[in-house]
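Take a look at the structure below.
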Amino acid sequence: MKTYKLYVGGAFVRSESGRVTSVTSVTSDDGEVLARVATASRKDLRDAVVAARGAQPAWASATPYLRGQILYRVAEMLDGRRTSAADELVRSGWSKADAAVEVDAAIDTWVWWAGWADKLTQVLGSVNPVAGPFLNVSTPEPVGVVGVVAADRPLADLAGVLAPVLCGGNTAVVLASAAHPLAALSFAEVLATSDVPGGVANVLWGDVGELAPWLADHADVDAIDVSGAPDGLRCDLVERSAGNLKRCAATSGLRRPQTAGEFLDLKTVWHPARV
Numbered sequence: 001m002k003t004y005k006l007y008v009g010g011a012f013v014r015s016e017s018g019r020v021t022s023v024t025s026v027t028s029d030d031g032e033v034l035a036r037v038a039t040a041s042r043k044d045l046r047d048a049v050v051a052a053r054g055a056q057p058a059w060a061s062a063t064p065y066l067r068g069q070i071l072y073r074v075a076e077m078l079d080g081r082r083t084s085a086a087d088e089l090v091r092s093g094w095s096k097a098d099a100a101v102e103v104d105a106a107i108d109t110w111v112w113w114a115g116w117a118d119k120l121t122q123v124l125g126s127v128n129p130v131a132g133p134f135l136n137v138s139t140p141e142p143v144g145v146v147g148v149v150a151a152d153r154p155l156a157d158l159a160g161v162l163a164p165v166l167c168g169g170n171t172a173v174v175l176a177s178a179a180h181p182l183a184a185l186s187f188a189e190v191l192a193t194s195d196v197p198g199g200v201a202n203v204l205w206g207d208v209g210e211l212a213p214w215l216a217d218h219a220d221v222d223a224i225d226v227s228g229a230p231d232g233l234r235c236d237l238v239e240r241s242a243g244n245l246k247r248c249a250a251t252s253g254l255r256r257p258q259t260a261g262e263f264l265d266l267k268t269v270w271h272p273a274r275v
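According to the numbering used here, the sequence shown holds residues 1 to 275 in order.
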């Protein structure tokens, strides 16, 4: 029986706590065990943040065109695993039709954001009018490490919140779908076999109520997307984020450049004109 592992720093690892959760079939009357999933602890989350921080400078300094090509490669690899990805969802109780729609939506989302990687500067940046002989330019730069609490759709929602984070040059620590761990952790295998550098995207699974507050409290996490958090927990995460001046957003995976802009800082440069 397969044990799905956590994806941290470009490697598949077991939880340091040794905790494992059995995932049972929702369609079986006898509670058939489909697989076992490594259950993340706070130590695993801390390791993921360290990996994300270490990978962030190189990822941010990569050209936007290169980042776009890498995101497109993720879409290609997921497309190549279309059948197995859909099978994971079917085993979790999805219909074949719904599973196919979910995989297609995830692939489309990765392709969409791949195309935006080298366009964010033009759309979100600006040349600002100033009263003086100066050139004043604002350009978007990544905030750094972003924590992501993914919603229940394990592929489409995950793509909707992870792709814009990576598109802008940030690295991510993802708490995957609590309801459908198999498909979400299988997607980590796509990341591992694509060209995404180790540590850029880290995928964990565990008790969101235990892990998400710690992610919001972590001083080395620069922003957090709480799209997938339940309403009560979301309010708690917002309050905790305010305590360490962490940027907090609920993007809901909307396809618009401003979604990536939630995790970008605008840096403004003044330069004397005609020099």
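C-beta: ideal position from N, C-alpha, C; glycine also.
1) Please report the Cβ distance between VAL145 and THR171, rounded to the nearest whole angstrom; I am assuming they are in contact, meaning their Cβ atoms lie under 8 Å.
2) Decide if THR3 is buried, meaning its Cβ has at least 16 other Cβ atoms within 10 Å, or exposed.
3) Work out the CA separation of THR39 and ASP207 for me, nearest whole Å.
4) Are the segment 43 to 60 and the segment 73 to 93 touching, with three or more C-beta to C-beta distances below 8 Å?
5) Given that a residue counts as buried once 16 or more other Cβ atoms are within 10 Å of its Cβ, and exposed if not, what is ASN202?
6) Are the beta-carbon atoms of VAL221 and GLY147 separated by less than 8 Å?
7) Could you pull out every residue in the same chain whose Cβ sits closer than 7 Å to the Cβ of PRO272, ignoring the five residues on either side in sequence?
8) Hey, would you say TRP113 sits closer than 8 Å to ALA163, going by beta carbons?
9) Flag this pair as touching only if the segment 185 to 204 and the segment 1 to 15 have three or more C-beta atom pairs under 8 Å; answer yes or no.
10) Could you give the residue range of the beta strand (DSSP E) that holds SER95?
11) Going straight from the alpha carbon of GLY209 to that of VAL111, what length do you get?
12) What I want to know is whether the C-beta of THR21 ends up closer than 7 Å to one or more non-hydrogen atoms of the ligand MN.
13) Count the other CB atoms, across all protein chains shown, that sit within 10 Å of the CB of THR188; report buried if there are 16 or more and exposed otherwise.
14) DSSP three-state call for LEU254: helix, strand or coil?
15) Just reading off the beta strand (DSSP E) that TRP270 is part of, what are its end residues?
16) Can you list, in chain order, the residues of its chain with a C-beta nearer than 7 Å to that of PRO213? Leave out the 5 residues immediately preceding and following it.
17) Could you compute how far the alpha carbon of VAL26 sits from the alpha carbon of ALA99?
18) Taking the C-alpha atoms as reference points, what is the distance between ARG14 and VAL130?
19) Output the boundary residues of the alpha helix (DSSP H) element that contains LEU166.
20) Less than 8 Å between the CB atoms is what I'm expecting for LEU155 and ALA106, so what's the real figure, rounded?
21) How close, in whole Å, do the beta carbons of SER227 and THR259 come, if the pair is a contact with beta carbons under 8 Å?
22) ARG255 to LYS43, Cα distance in whole Å?
23) With distance defined between alpha-carbon atoms, name the residue in ASP157, GLY168, SER17, LEU215 nearest to GLN122.
24) Using the beta-carbon count (16 or more within 10 Å), is ALA151 buried or exposed?
25) In three-state terms, what does DSSP make of THR3?
26) Would you give the residue range spanned by the beta strand (DSSP E) that GLY147 belongs to?
So, to answer that:
1) 5 Å
2) exposed
3) 8 Å
4) no
5) buried
6) yes
7) PRO133, PHE134
8) yes
9) yes
10) Premise fails: SER95 is in no beta strand (DSSP E) and is neither H nor E.
11) 32 Å
12) With respect to the ligand MN, the structure shown offers nothing to examine, as it has no ligands at all.
13) The sequence as given places Ala at residue 188; Thr does not occur at that position. When all chains shown are included, ALA188 counts as buried.
14) If DSSP states are grouped into helix, strand and coil, LEU254 belongs with coil.
15) According to the DSSP assignment, TRP270 belongs to the beta strand (DSSP E) that extends over 264 to 272.
16) Sequence-distant Cβ neighbours of PRO213 in its own chain, meaning closer than 7 Å and more than five residues away, are ASP236, LEU237, ARG240.
17) 15 Å
18) 55 Å
19) 156 to 167
20) 4 Å
21) Contact doesn't hold; Cβ gap of about 10 Å is too wide.
22) 33 Å
23) GLY168
24) buried
25) strand
26) 145 to 149
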